[in-house]
Amino acid sequence: MATIFTKIVNGEIPCFKIAEDENYFAFLDINPIKKGHTLVIPKVEEDYIFNLDDNTLAGLSVFAKKVAKAIEKTIPCLRIGVAVMGLEVPHTHIHLVPMEREKDLNFSNPKLKIDPIEMEEIASKIRANF
Ligand code: 5GP
71 MATIFTKIVN
81 GEIPCFKIAE
91 DENYFAFLDI
101 NPIKKGHTLV
111 IPKVEEDYIF
121 NLDDNTLAGL
131 SVFAKKVAKA
141 IEKTIPCLRI
151 GVAVMGLEVP
161 HTHIHLVPME
171 REKDLNFSNP
181 KLKIDPIEME
191 EIASKIRANF
């Protein structure tokens, strides 16, 4: 059965899309810990990032870098934090989180409530900077 992230890639589940190419896809996390919190995934379904083949992993990193640069241009921050957990969704994803301080990358922080209109505004600004 397709993962929830494959359904997002296929347009079966809506998302606030940031960017896409042949092999990779980026979209806003639905429960962000910071404004601009983005997930970057390979289109191939692989649960564990370190089980990706070398080329896919390398390409994912390069794609994530481009997305991070677009987030940096959009959301005031010191830098973009990177995290990979994958305990909830069994489809490799890199979290990109705008950070001002160390605790901004704490996934125990309360999730932000951002209304869909603002989520789309954030996504469209990041898209424009991609
Ligand atoms: P992890 O697997 O890294 O522990 O967390 C999965 C992440 O995916 C969470 O931050 C969660 O908010 C996000 N997520 C789960 N389901 C969806 C979804 O349907 N849409 C989006 N945009 N994000 C999701």
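Residue numbers for the sequence shown follow the numbering used here, beginning at 71 and rising by one. Heads up, the beta-carbon is just placed ideally off N, CA and C, and yes, glycines get one too.
With a cut-off of 7 Å, the C-beta of Gly-156 is classified as near the ligand 5GP, since at least one heavy atom of the ligand falls inside that distance.
With contact defined as three or more Cβ pairs closer than 8 Å, the region 174-193 and the region 113-132 are not in contact. Ile-145 and Lys-105 do touch by the CB rule: their CB atoms are close to 6 Å apart, below 8 Å.
Leu-157 carries a coil assignment under DSSP once its states are collapsed to helix, strand and coil.
Ranked by how close their Cα comes to the Cα of Leu-175, the residues Leu-148, Lys-136, Glu-158, Asp-185 have Leu-148 in first place. DSSP places Leu-130 in the helix class (H, G or I) of the three-state scheme. For Gly-129, same chain residues with a beta-carbon under 8 Å away, outside a window of 5 residues either side, are Asn-93, Tyr-94, Pro-112 in chain order. Relative to the non-hydrogen atoms of the ligand 5GP, the Cβ of Asp-124 never comes closer than 7 Å to any of them. Ile-119 is the residue among Ile-141, Glu-142, Ile-119 whose C-alpha sits nearest the C-alpha of Ser-131. Here Pro-168 is buried, its C-beta having at least 16 other C-beta atoms within 10 Å.
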